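Student: Structure below; questions to follow.
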Amino acid sequence: MIENFVKFQNIRILMSLFAACITTLVIPCKTVAQNPPESTVFPDQQPETLLQKVCDTLSSKPAFTVDVDITYDNVLDSGEKVQYGAFQQILVKRPNQLRAYYTGDQRNTSFYYDGKNFTQFSKKLNLYVIKPAPSTIDATVAAIEEKYDIDIPLANLFISNPCKEIIPKIEKSLYVGYDMVNRVPNYHFLFTESNRNFQLWISDDDEPLLQKIVITYKDLPGAPQYTAILSNWNFKPQIPTDAFNFTPPLGAGKIEFLPKVK
0 MIENFVKFQN IRILMSLFAA CITTLVIPCK TVAQNPPEST VFPDQQPETL LQKVCDTLSS
60 KPAFTVDVDI TYDNVLDSGE KVQYGAFQQI LVKRPNQLRA YYTGDQRNTS FYYDGKNFTQ
120 FSKKLNLYVI KPAPSTIDAT VAAIEEKYDI DIPLANLFIS NPCKEIIPKI EKSLYVGYDM
180 VNRVPNYHFL FTESNRNFQL WISDDDEPLL QKIVITYKDL PGAPQYTAIL SNWNFKPQIP
240 TDAFNFTPPL GAGKIEFLPK VK
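For the sequence shown, the tail end lands on 261 under numbering that gives the first Met the number 0, and the numbers increase by one without skipping.
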């Protein structure tokens, strides 16, 4: 009888383990936090050095286009997170022309800068704002944020020294591994600042480029994340002469400020 009882208990244990395995196909089990596994591929430069090389690559290009797929968290009053998505198309011609189309769940906005004026257009509201702008992309990005509280997503990609405001704030860095983005392995790093962490996936090329960004805002409730996957980098784009000019659609209204999306 004891032998039968032991067999019965063993069967119960096996069935429980089987059920747990099936459950993990739908709901992953909690695991103990571990350091990332050691990679067999290592960059030949320190994380900050390679990040600076990425910035130098971008700074050296007179023009480029890039597509960006974005997801970001919104923490509800209940503490639960919901995720939204967006797609951004960026066109830059240095030193004084910029266009960005942003199509997302919470806003649909276009940005134009032609060297003289900056325009923000909301397709959903059919409203636009035009403001006089400085003579460079760098000065314009800074001015519209300071004067008008207008932020262009991923604006650090546009300016002449993308790393200027980033690297000095890094407190520590970690090489995570040689990990996949869009089915291609990249150098994966974790950088820590006082109020946020950010992960970067950098291509294994002579001219390294950003392929993915994940920012974790540690100082905000729920530590929401922002993710951007960058693709279709093009440094020899065919740019129409009117690419940076804004023509208001029929019935569009001109106003002083567009409402801020929370």
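Note that the Cβ used here is the ideal one computed from N, Cα and C, for glycine as well. Just so it is clear, the structure is predicted and the values come from calculations on it, not from any experiment.
According to DSSP, is D320 helix, strand or coil?
Tutor: As shown, the chain starts at 0 and ends at 261. That puts residue 320 outside it, with no answer to give.
Student: If I measure Cβ to Cβ from T226 and keep anything under 6 Å in the same chain, skipping five residues before and after, which residues do I get?
Tutor: For this step, residue 226 is matched to residue 227 along the sequence shown. Counting only Cβ-Cβ distances below 6 Å, and skipping sequence neighbours, we find T70, V213.
Student: Using the Cα positions of V128 and F245, report the straight-line distance between them to the nearest angstrom.
Tutor: Taking the first residue of the sequence shown as position 1, residue 128 is located at position 129. Taking the first residue of the sequence shown as position 1, residue 245 is located at position 246. One C-alpha to the other measures close to 11 Å.
Student: To which residues does DSSP link Q198 through a beta bridge?
Tutor: For this step, residue 198 is matched to residue 199 along the sequence shown. BP columns for Q198 point to L189, V213.
Student: How long is the line joining the alpha carbons of V74 and Q105, rounded to whole angstroms?
Tutor: Position 75 of the sequence shown, counting from 1, holds the residue named residue 74. Position 106 of the sequence shown, counting from 1, holds the residue named residue 105. Going by the C-alpha atoms only, they are around 14 Å apart.
Student: Does DSSP put S134 in a helix, a strand or coil?
Tutor: Locating residue 134 in the sequence shown gives position 135, where the first residue counts as 1. If DSSP states are grouped into helix, strand and coil, S134 belongs with coil.
Student: Starting from the C-beta of L50, find all residues in its chain whose C-beta is less than 8 Å away, skip the five residues before and the five after it, and write them out in chain order.
Tutor: Here the question's residue 50 lines up with position 51 in the sequence shown. Here the set comprises C162, I165, I166, F188, F190, L199, I201.
Student: Checking the sheet assignment: what are the DSSP bridge partners for L121?
Tutor: As a first step, residue 121 is located in the sequence shown; it is residue number 122 there, counting from the start. Here residue 121 turns out to be Ser, not Leu, going by the sequence shown. S121 is bridged to T108, L126.
Student: If A132 and Y112 are in contact, beta carbons under 8 Å, what's the gap, nearest whole angstrom?
Tutor: Reading the sequence shown from its first residue, position 133 is the one you call residue 132. Reading the sequence shown from its first residue, position 113 is the one you call residue 112. Rounded, the Cβ-Cβ distance is 6 Å, consistent with contact.
Student: Could you check if C28 is buried or exposed, using at least 16 other CB atoms within 10 Å of its CB as the buried criterion?
Tutor: Position 29 of the sequence shown, counted from the start, is the residue given in the question as residue 28. Note on C28: pLDDT 39, under 50, position unreliable in the model; no value is reported.
Student: Give me the Cβ distance between T64 and N233, rounded to the nearest whole Å; I'm assuming they're in contact under 8 Å.
Tutor: Residue numbering aside, residue 64 sits at position 65 when the sequence shown is read from its first letter. Residue numbering aside, residue 233 sits at position 234 when the sequence shown is read from its first letter. Rounded, the Cβ-Cβ distance is 5 Å, consistent with contact.
Student: With distance defined between alpha-carbon atoms, name the residue in M179, N185, D178, F197 nearest to K171.
Tutor: As a position in the sequence shown, residue 171 is number 172, starting the count at 1. Nearest of M179, N185, D178, F197 to K171, Cα basis: F197.
Student: Expressed to the nearest angstrom, what Euclidean distance is found between the alpha-carbon atoms of K52 and E206?
Tutor: Numbered from 1 along the sequence shown, position 53 holds the residue referred to as residue 52. Numbered from 1 along the sequence shown, position 207 holds the residue referred to as residue 206. Answer to the nearest angstrom: the Cα atoms are 8 Å apart.
Student: Closest to I89 by C-alpha separation, out of Y83, V81, E79, T108, would be which residue?
Tutor: Working through the sequence shown from its first residue, we reach residue 89 at position 90. Taking only the C-alpha atoms, the option nearest I89 is T108.
Student: By how many angstroms is the C-alpha of N125 removed from the C-alpha of L153?
Tutor: For the purposes of this step, residue 153 is taken as the residue at position 154 of the sequence shown. For the purposes of this step, residue 125 is taken as the residue at position 126 of the sequence shown. Approximately 23 Å between the Cα atoms of the pair.
Student: Pick helix, strand or coil for L49, following the three-state DSSP scheme.
Tutor: Here residue 49 corresponds to residue number 50 of the sequence shown, with the count starting at 1. Helix at L49.
Student: Using only alpha-carbon positions, find the residue among L219, K235, M179, Y174 that is nearest to S193.
Tutor: Within the sequence shown, numbered from 1, the residue matching residue 193 stands at position 194. Answer by Cα proximity: L219.
Student: Using a 10 Å radius around the Cβ and a threshold of 16 neighbouring Cβ atoms, would you call L156 buried or exposed?
Tutor: The residue you call residue 156 lines up with position 157 of the sequence shown. Result: buried.
Student: Would you call the CB atoms of D68 and F86 closer than 7 Å?
Tutor: The residue given as residue 68 occupies position 69 in the sequence shown. The residue given as residue 86 occupies position 87 in the sequence shown. Yes, these two residues count as a Cβ contact at 7 Å.
Student: Between the Cα of I238 and the Cα atoms of N95, P223, P94, A62, which residue gives the shortest distance?
Tutor: As a first step, residue 238 must be located in the sequence shown, where it is residue number 239. Nearest C-alpha to I238: A62.
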